[in-house]
Amino acid sequence: MNPVVVRLLAPLPALVLAPLLLGLIGRVKAIMGARRGAPLLQPYRDLARLLGKGELLSTTATPLFRLGPVAALASTAAALLLLPAGPLPPALSFPGDLLLLAYLLALGRFGTLVAAMDTGSAFEGMGASREAAFSALSEPALFLALGGLAWARHGLSLGALLGGGTAAGLARQAPALGLFTAALFLLLLAENSRIPVDDPATHLELTMIHEVMVLDHSGPTFAAILYGASLKLWIFASLLVSVWIPAGLPAWASAGLYAAGMALVTVSVGLVESLTARLKLAKVPRFLALAGVLASLGCLVLFAGGRP
Amino acid sequence: MSGPLISLGILVVGAILSALCGRRSLAAARVALLSVSLAAAAGTPTALRVLVTGRGVSWRAPWSLPWGSLSVALDPLSAFFIAFILLLAVPFAFYGRGYLARHRGSSWHSLSWSLFQILVASMVLVVSAADGLLLLMAWEAMSVASLFLVIHDHEEEGVLKDGLVYAVAAHLGVAALLGLFALWGSWAGSLRFADLSAVPLGRGASWTLFLLAVAGFGSKAGLAPFHVWLPKAHPAAPSHVSALMSGVMIKMGIYGILRILLLLGGWRPGWGYLLLAMGGSSALMGVLYALGQHDLKRLLAYHSVENVGIITIGIGAGVLARTAGMEIASLLAFMGALLHVLNHGLFKGLLFCGGGAAAQASGTREMDALGGLLKRMPWTGTGFLIGSMAICALPPLNGFASEFLIYSGLLSGALSGRAAPSLVLFFSVPVLALAGGLALACFAKAFGVAFLGEPRSAPARDAREANPWMIAPMMALALACIAIGLLAPLMVSLIAEPASALAGVAAAAGGGGAAAVLTKVALAGWALLLLAAILSALRWLLLRGRTISKAPTWGCGFSAPTARMQYTASSFAEPLLGPLRGVLRPRVHLVEPRGLFPEGGSFSSHLEDWADKILYEPLFGGAANLAGRVRPLQQGRLQLYLLYTLLALIALLLWQVLA
Chain A
1 MNPVVVRLLA PLPALVLAPL LLGLIGRVKA IMGARRGAPL LQPYRDLARL
51 LGKGELLSTT ATPLFRLGPV AALASTAAAL LLLPAGPLPP ALSFPGDLLL
101 LAYLLALGRF GTLVAAMDTG SAFEGMGASR EAAFSALSEP ALFLALGGLA
151 WARHGLSLGA LLGGGTAAGL ARQAPALGLF TAALFLLLLA ENSRIPVDDP
201 ATHLELTMIH EVMVLDHSGP TFAAILYGAS LKLWIFASLL VSVWIPAGLP
251 AWASAGLYAA GMALVTVSVG LVESLTARLK LAKVPRFLAL AGVLASLGCL
301 VLFAGGRP
Chain B
1001 MSGPLISLGI LVVGAILSAL CGRRSLAAAR VALLSVSLAA AAGTPTALRV
1051 LVTGRGVSWR APWSLPWGSL SVALDPLSAF FIAFILLLAV PFAFYGRGYL
1101 ARHRGSSWHS LSWSLFQILV ASMVLVVSAA DGLLLLMAWE AMSVASLFLV
1151 IHDHEEEGVL KDGLVYAVAA HLGVAALLGL FALWGSWAGS LRFADLSAVP
1201 LGRGASWTLF LLAVAGFGSK AGLAPFHVWL PKAHPAAPSH VSALMSGVMI
1251 KMGIYGILRI LLLLGGWRPG WGYLLLAMGG SSALMGVLYA LGQHDLKRLL
1301 AYHSVENVGI ITIGIGAGVL ARTAGMEIAS LLAFMGALLH VLNHGLFKGL
1351 LFCGGGAAAQ ASGTREMDAL GGLLKRMPWT GTGFLIGSMA ICALPPLNGF
1401 ASEFLIYSGL LSGALSGRAA PSLVLFFSVP VLALAGGLAL ACFAKAFGVA
1451 FLGEPRSAPA RDAREANPWM IAPMMALALA CIAIGLLAPL MVSLIAEPAS
1501 ALAGVAAAAG GGGAAAVLTK VALAGWALLL LAAILSALRW LLLRGRTISK
1551 APTWGCGFSA PTARMQYTAS SFAEPLLGPL RGVLRPRVHL VEPRGLFPEG
1601 GSFSSHLEDW ADKILYEPLF GGAANLAGRV RPLQQGRLQL YLLYTLLALI
1651 ALLLWQVLA
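First to last, the protein sequences are chains A and B. Its first residue numbered 1, the first sequence is counted upward by one per residue in the working numbering. Its first residue numbered 1001, the second sequence is counted upward by one per residue in the working numbering.
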């Protein structure tokens, strides 16, 4: 196949399958809670229903209220261009693209925050303030984990640092990689407003973080927000999984491992959500500090072991 | 060399003419606009030519002053800063013309326009001087001119006090610089840069000179812990002056550090470690204190401390990487630092212009009295938004390009091994990342509280858009921020020469790699814009023909919301500052509501600078105490003074006899 076409294929699985992750988490939670729960494809139905509606805008809001979610979805989708997907190489790859990934996620967050503040609602301001604080505190852990991976694989592009591990290297660096994976998993929970940091299913505005920021959105814009959230979940899960896929496998094996890994991470999120309680908001910084400590430990283990 | 000299001449003539305008301050403003624009037109082409070709020029004239020589020179580093100063002064001058338009003409305003031009001229001279004495004279002119510009609104409460802090800080800095050049000159026998760099220096000597340079130039740059004057002086000044000082003048400190590094040669790894530590602590302290501010302009001033910290991290990484033999990492870090100098000038200038316009329109700088200004001042608000995104290093704007280069320098140095320099560079990355995350929180707060939501006070509700003289420069600065982000690879040719001189590599060798990477970064920026455009179009298509209704914001069932129920600047920062209460120690005033029908509870908190409380208050308190003890000697009684004279004469006589 034409290499340019192949390069543009990498974001496709995410674009099509990301809402499925949310459905899968919902199924796991329903089964664990012995409820009948929503069907697996419910997120797609939600999106379709929202896309068919009109919109309700706040009289306080400016055009930023609509532009913020658009910017957030655009930046999350752009971040997908940088990620490999199993056997598919990333669409855009250059040394240092891990920085672009982190800052694209930051841009998405900024868009959401600004749209929330635009309503002038105390609740949405509260959510924005919490989101801003917790995301800021999770940045060091993200950079430590990605930087450590870059050091381990001796490459500054996500293509190299995610897909560049040999089977022998994986075995040798397993302790450090395990710590990075743990850190990234904690970040996945925090950045995607999952229990124990946030609860996507809560009904009390005072306790929400992400959900309360999007209270006033409706219709296709709200669909963009939901879809963007599922893409963001996919990005974090994909980071975790790609670390462990050895280079040089046949395409089908790599694709199979990738799919199995994504399913495993998603089910784990569902299990964590079913089995743990939410942390007090004041304790969330400690949770994020734990991610930072795990990532730092990973780096130290890595430096002590040296590079093969 | 003629270009910058002509610029200097134009600015000096303009300054004199402006001062002569007296009460016709509008004429003074016109003279200033003309002279600043002409100076930029005259000086920039020469500077750009030096930057692109890498071939410096110099000029020397006889001078009767002892020790000094009237020699000026333009190497790529000077040329970069000259172009930077001259090009940025133009929009700030135009903005100032609009900002001062509400006042009636007075000779004080004419004088202030004259000082504005002197400030620009002295900065041009600072970066082109090739002689220690000439540099010090220009430096002092810069400090004095900016001091009088800071106390422009001297009848306002507190402005004179802030000016005093600035005057003391500036002169403590000059004292360190005097020591630096006096020591070095005494070893070299001359103060010309060529002679200074030729003198061989031992370990102790070069460390002494380096530390004096960091103290002297670092205090002007606003590096922690020398930063306390900055958040006091910059907000007190009129906004076009704040923009010029925060955007441009503090970079003279950065220039000074870079120049001394070039002249010293023989760098030591310790310098890199020290600069990284100072840069990292400035970045973190600056952004944390910024989060705690309620005053919009003071918040911006603390962000200057943060950004100077980021630039210094770049310089420190460059120094450390070069001493460890990692040339490419060093080059990337220096390129990032230089590009961030330019970028910070653009977006911080833009933010000060926007913040100043908002404060002027609503009569207060208190963020908690503002709100909803984007609707009332759409141009100003848009400018402030673009500036906020740029300073948070969000792609596709210019701040990302420069921070990307600094990060790349850190990471590529870190990847080269596990020796001490690599590890330090590696662990600088999360520091920079944390500062970035906190900056994003801070600007979501500043923009969100001041420009979005509903106005929290009557003056904010009645705010009107700024005049075109102010809007046009803001839009120009915003466009520059966008253009540099989207055309980042083109900027490499402007920073490759000075950065490669600092990194000690050939410009052609490393610049190409950086340009190739920045091309990809810019490409991603374009892709992002394309995606956003497609998504907006999709949304429009979907909603065509459907009902879009409007209603008040959902108040969770509460029927009588007021604007004062919105999240304020303090409440927004609480989740970040709350856990740090033990370290930052904010001063809290709390009146709890009491009784069955509680009334009149209140809460306010102020964040005071740690360096002020721990370092400077005891220091200056001690100095004042000491001065008080000497005071009995000075009674104001003539007899006593005659006695002192007699005693002094006797002492001299004895000394003469005994010697």
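All residues carry an ideal CB built from backbone N, CA and C; glycine is no exception.
- From the listed residues B:PRO1004, B:TYR1095, B:ALA1029, B:ALA1659, the smallest Cα separation to B:TRP1469 is found for B:TYR1095.
- Taken through DSSP and simplified to helix, strand or coil, B:GLU1366 comes out as strand.
- For the stretch 1395-1453 of chain B, the full-length alpha helix (DSSP H) segments reaching 4 residues or more read 1398-1414, 1420-1451 along the chain.
- Judged by DSSP secondary structure, A:GLU191 falls within the alpha helix (DSSP H) whose first and last residues are 174-191.
- Within the stretch 1290-1341 of chain B, not a single complete beta strand (DSSP E) segment reaches 3 residues in length.
- Taken atom to atom, the span from the alpha-carbon of A:LEU231 to that of A:PRO43 is near 12 Å.
- Of all residues in the stretch 239-271 of chain A, none places a beta-carbon less than 9 Å from a beta-carbon of chain B.
- Cα atoms of A:LEU88 and A:ASP46: separation of roughly 29 Å, rounded to the nearest angstrom.
- Ranked by Cα distance from B:GLY1512, the first of B:VAL1241, B:LEU1490, B:LEU1530 is B:LEU1490.
- Under the Cβ criterion of 8 Å, A:ARG130 is counted among the residues facing chain B.
- Taking the C-beta atoms as reference points, A:SER129 is found nearer than 8 Å to B:SER1571.
- Taking all protein chains shown into account, B:GLN1656 has fewer than 16 neighbouring C-beta atoms within 10 Å of its C-beta and is therefore exposed.
- When only Cα atoms are considered, A:PRO220 and B:LEU1111 end up about 57 Å apart.
- If you look at B:LYS1613, you'll find it isn't in any alpha helix (DSSP H); DSSP assigns it neither H nor E.
- Shortest Cα-Cα distance from A:ALA152 to any of B:SER1025, B:LEU1350, B:PHE1426, B:ASP1612 involves B:PHE1426.
- Following the DSSP letters along the chain, one finds B:HIS1606 in no alpha helix (DSSP H) but inside the beta strand (DSSP E) bounded by residues 1602-1606.
- Neighbours of A:TRP151 in chain B, taken as residues whose beta carbon is under 8 Å from its own, are ALA1414, LEU1415, PHE1426 in chain order.
- Here B:LEU1646 is exposed. Its C-beta has fewer than 16 other C-beta atoms within 10 Å.
- Within chain A, no C-beta atom comes nearer than 7 Å to that of B:PRO1468; the closest sits roughly 22 Å away.
- Contact of B:ILE1548 with chain A is assigned, a C-beta pair being separated by under 8 Å.
- Rounded to the nearest angstrom, the gap between the Cα atoms of B:ALA1324 and B:LEU1423 is 12 Å.
- B:ALA1073: not part of any alpha helix (DSSP H); member of the beta strand (DSSP E) spanning 1070-1074, first to last residue.
- Contact note: A:TYR227 does not reach chain B at a C-beta cutoff of 8 Å; the least C-beta distance is about 10 Å.
- Between the C-alpha atoms of B:ARG1461 and B:GLY1555 there is a straight-line separation of about 21 Å.
- Cβ-Cβ distances below 6 Å link A:LEU101 to ALA79, LEU82 in the same chain, with the five nearest sequence neighbours on each side left out; the list follows chain order.
- Secondary structure note for B:ILE1548: it is in no alpha helix (DSSP H), and the uninterrupted beta strand (DSSP E) holding it is 1548-1551.
- Relative to the Cα of B:LEU1440, the nearest Cα in the group A:ALA133, A:LEU64, A:ALA116 belongs to A:ALA133.
- Listed along chain A, the residues sitting closer than 8 Å to B:TYR1407 by beta-carbon distance are GLY96, LEU99.
- Considering only beta carbons, no part of the stretch 1203-1220 of chain B lies closer than 9 Å to chain A.
- The stretch 224-292 of chain A is shown to contain whole alpha helix (DSSP H) runs of 4 or more residues at 251-275, in chain order.
- Put simply, the backbone Cα of A:TRP252 is about 29 Å away from that of A:GLY148.
- B:ILE1548 and A:LEU56 have their C-alpha atoms roughly 6 Å apart.
- Under the three-state reduction of DSSP output, B:ASP1462 falls in the coil class, being neither helix nor strand.
- Residue burial annotation: B:TYR1644 is exposed, with fewer than 16 other C-beta atoms found within 10 angstroms of its C-beta.
- Around B:GLY1173, the same chain offers GLY1216, SER1219, LYS1220 as residues with beta carbons nearer than 6 Å, after the five sequence neighbours per side are excluded.
- For A:ASP46, not one C-beta of chain B is nearer than 8 Å to its own C-beta.
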